[in-house]
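See below for the structure under consideration.
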Amino acid sequence: MVGVLTQTLAVADGPLTADNGGLLRASEPSLPLEELRKRYDKDSYLFLKGILPREDVLEARR
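If you use the numbering used here, the sequence shown corresponds to residues 11 to 72, in order.
The structure is reproduced here in structure tokens:
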């Protein structure tokens, strides 16, 4: 069964709308630093999957 969200979601600078969401583009840590900087400047984030040990991430969530 699909649920319906009745609350407005918010982030630090205001409401979170469907236009604000989407899939993250993964970046490889092995890319040249200049390429990573360009991606950060364009996307305002870097998604470096697997760069942190999984157990450390799970521990930080507790």
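C-beta atoms are modelled at their ideal positions from N, C-alpha and C, and glycine is treated no differently.
On a predicted model such as this, the values are computed, not experimentally measured, just so you know.
- Rounded to the nearest angstrom, the Cβ distance from Ser37 to Leu46 is 6 Å, consistent with a contact under 8 Å.
- Look at Ala36 here: in three-state DSSP terms it is strand.
- A straight-line Cα-Cα distance of about 25 Å links Pro63 and Lys48.
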